Amino acid sequence: MQLIGYTQGRAIGIAIDVMQKNYKHATKKEALQTLKSVLENPQSYLQDPSLSKVAEVLTGDTQLGSYNISQAYGGMKSMMALVTETSLLDPNEGIRFRGYTIPELREKLPNLESCNEPLPEGLFYLLLLDEIPTFKDVQHVANVWARRAIVPLHVFKAIDRLPRDTHPMTQFSIGIMAMQTESHFVKAYREGINKKEYWDPMYEDVMTLIARLPRVAAYIYRRSYKKGKHIEPNPDLDWSANFAHMLGYDQPDFYSYLRLFLTIHADHEGGNVSAHATHLVGSALSDAYLSFASGMNGLAGPLHGLANQEVIRWILEMKKKLGNGGLSKEEIEGYIRQTLSEGKVVPGYGHAVLRKTDPRFIAQMEFAKKHCPDDELVNIVWNVYEVAPTILGETGKIKNPWPNVDAHSGSLLVHYGLVEYDFYTVLFGVSRALGVLASLVWDRALGQGIERPKSVTTGWIKEFIAKNTAKTEAPAISTTAE
Ligand code: NMX
Ligand code: MLT
23 MQLIGYTQGR AIGIAIDVMQ KNYKHATKKE ALQTLKSVLE NPQSYLQDPS
73 LSKVAEVLTG DTQLGSYNIS QAYGGMKSMM ALVTETSLLD PNEGIRFRGY
123 TIPELREKLP NLESCNEPLP EGLFYLLLLD EIPTFKDVQH VANVWARRAI
173 VPLHVFKAID RLPRDTHPMT QFSIGIMAMQ TESHFVKAYR EGINKKEYWD
223 PMYEDVMTLI ARLPRVAAYI YRRSYKKGKH IEPNPDLDWS ANFAHMLGYD
273 QPDFYSYLRL FLTIHADHEG GNVSAHATHL VGSALSDAYL SFASGMNGLA
323 GPLHGLANQE VIRWILEMKK KLGNGGLSKE EIEGYIRQTL SEGKVVPGYG
373 HAVLRKTDPR FIAQMEFAKK HCPDDELVNI VWNVYEVAPT ILGETGKIKN
423 PWPNVDAHSG SLLVHYGLVE YDFYTVLFGV SRALGVLASL VWDRALGQGI
473 ERPKSVTTGW IKEFIAKNTA KTEAPAISTT AE
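Residue numbers for the sequence shown follow this note's numbering, so the first one is 23 and each next one is one higher.
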């Protein structure tokens, strides 16, 4: 039953506007200046009265979609109610970052001579500016992040107050929150900044926050698992390799894998829990630190980012139960059926939007085929992939029986020696910062409003059904802005 038709005048306006805009740089000499000048354009574009089409959709009430009661109870799946510029997810094809698929990005984004995988610095540039960067552009971003990477001492002290066995994602969230003392946005707001300028201190916070995340993450890893023996950053390395170095993994192949990992996990349009939480909290004009920490608290859920640790835990438990020898496909099948019969999910499988194998899974499978085709855990992951979709499909209720990004990452991390699987979601979080924080800058640049959907009670819905049994569409309550 249709509950309420809804309109998205302002949201559509922003989307069309951004899609039509051609952001071209005046100069590439000073990266920060360039980024800022590009970001300055959207507001003036939006406010140009000669652009009647934009003005029309901004004030218009064009219907974007409709939805039903089951969606209101079931997590708002498929409801188009958000505008996120940085990426778009097609159920069958998978993610496109600013229009580019993952294979295209592996081809087009700049990389180092020593490595075929893209530099995530370049992906961030693309997400922020909607333009494939040159190698020089990527160097600019890398330099800005390297300059801003020093983490204030009180952040480490805040983390150190927690018991050492605190889950790494909890430590990560607290570390991010502790960095909020440095927020430019908070200071600018207190000083009475004009709302048209919000994007500027937000951009500054975003660049500083991303610059510092690998250090905070590596600190948590070394504190939790390596007796607090920390490793100083190496400023000569790129963002990913330096992160790997601070974690304690200096193999060139691991550098490559981390570059790929940090690129492919960065964004998955706006409705996933971590992106939506960041956007939602940011809509109250909470700064980048508060907003991103909220996103990370969502990522820490087992149905979302924590699934990458759950996959390895599930595989290791299967190995323990069935013996440490090679696992036959029949044994794996039996274990999947047992997991389902115990009312548990098979981690790494299924998706709220995707209806095919996740291209992020495929990218990692390709990487593994090239770098470690004989690895035992990697082969178990591939064997699970051969049998799980059929079994999950047979249940008749799982909408997507195919693997998602989390089904593969853990096996590669174990391959390179990073076996402490409780840490895996922190790696996901460092990557996710690139997408959700680029989006947060755009949220402020485009003046997106405070998020405040209407909620009703079950009693209200029962009454609504009673009154409208014969109707398919009924505007029983107004959804226009209060
Ligand atoms: N194993 C067992 N049951 C599943 C699975 C799975 N992998 N996937 C979905 N189902 C169940 C689901 O729990 C639901 O059961 P019920 O009706 O009893 O509540 C039913 O199938 C229908 O669910 P869907 O509509 O197919 O999926 P939904 O959109 O609700 O959830 C996920 C999507 C991703 C939360 C779900 O597929 C899942 O729990 N997967 C395992 C956890 C996982 O891998 N999460 C990572 C997602 C990617 N990420 O990084 O965030
Ligand atoms: C993600 O990367 O955020 C996950 O695949 C979950 C989602 O898109 O809902």
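Glycine residues also receive a C-beta, built at the ideal position from the N, C-alpha and C atoms.
Small disclaimer: the values here were computed from a predicted structure and weren't measured.
Per DSSP, the unbroken beta strand (DSSP E) holding SER109 starts and ends at 109-112. Burial check for HIS176: the Cβ neighbour count within 10 Å stays below 16, so the residue is exposed. Here MET268 has PRO236, ARG237, ALA240, ILE253 and PRO255 as same chain residues with Cβ atoms under 7 Å from its own Cβ, once five neighbours each way along the sequence are excluded. If you ignore the 5 residues before and after GLY323, its C-beta comes within less than 7 Å of the C-beta of VAL295, all in its own chain and listed in chain order.
With a 10 Å radius around the Cβ and a threshold of 16 neighbouring Cβ atoms, TRP482 comes out exposed. With contacts defined by Cβ atoms closer than 8 Å, ALA233 and ALA171 form a contacting pair.
If you draw a straight line from the Cα of THR106 to the Cα of GLY345, it is about 47 Å long.
In this structure, the alpha-carbon of GLU388 lies about 30 Å from that of ARG244.
The Cβ neighbour count for PHE157, taken over all protein chains shown within 10 Å, is under 16; the residue is labelled exposed. When secondary structure is reduced to three states using DSSP, ASN90 falls in the strand class. Around the beta carbon of SER363, fewer than 16 other beta carbons lie within 10 angstroms, which makes this residue exposed. Contact check for PRO142 against LEU459 fails: the beta carbons are separated by 8 Å or more. Counting only runs of at least 4 residues, the stretch 201-276 fully encloses the following alpha helix (DSSP H) elements, listed from N- to C-terminal order: 206-212, 221-247 and 261-269.
The count of Cβ pairs closer than 8 Å, one atom from the stretch 409-422 and one from the stretch 281-296, stays below three, leaving the stretches out of contact. Around the beta-carbon of GLY372, 16 or more other beta-carbon atoms lie within 10 Å, marking it buried. Contact between the stretch 115-132 and the stretch 148-168 is present, with at least three C-beta pairs closer than 8 Å. DSSP places GLN331 within a helical segment (H, G or I) once states are collapsed to three. The DSSP-derived three-state label of TYR147 is helix. Unbroken beta strand (DSSP E) runs of no fewer than 3 residues, entirely contained in the stretch 96-143, are found at 109-112 and 116-119, following chain order. Look at GLN85 here: in three-state DSSP terms it is strand. For VAL478, the Cβ stays outside the 7 Å cut-off from all heavy atoms of the ligand NMX. For a cut-off of 8 Å, the C-beta gap from GLY197 to ILE215 is around 27 Å, too long to register as a contact. Just measuring C-alpha positions, the residue of THR417, LYS392, ASN319 and LEU321 sitting nearest VAL367 is THR417. Contact between the stretch 110-130 and the stretch 215-229 is absent, with fewer than three C-beta pairs closer than 8 Å.
The secondary-structure analysis by DSSP pairs TYR371 across a beta bridge with PRO425. In this structure, the alpha-carbon of ASN490 lies about 16 Å from that of SER92.
Counting other Cβ atoms within 10 Å of its Cβ, GLU352 stays below 16 and is therefore classed as exposed. When only Cα atoms are considered, ARG186 and LYS248 end up about 11 Å apart. Short note on VAL427: C-beta closer than 7 Å to some heavy atom of the ligand MLT. Buried is the label assigned to ASN330, since at least 16 other Cβ atoms lie within 10 Å of its Cβ.
Just measuring C-alpha positions, the residue of VAL452, ALA374, THR379 and ASP397 sitting nearest LYS421 is ALA374. At a Cβ-Cβ threshold of 8 Å, MET191 and THR447 count as neighbours.
The beta carbon of CYS137 lies closer than 6 Å to those of SER278 in the same chain, with the five residues before and after it left out. The beta carbon of GLY304 lies closer than 6 Å to those of SER313, LEU462 and ASP465 in the same chain, with the five residues before and after it left out. Sixteen is the threshold: since fewer than 16 other Cβ atoms of the shown chains lie within 10 Å of the Cβ of ALA488, the residue is exposed.
Contact check for GLY292 and LEU104: beta-carbon distance about 4 Å, within the 8 Å limit, so the pair qualifies.
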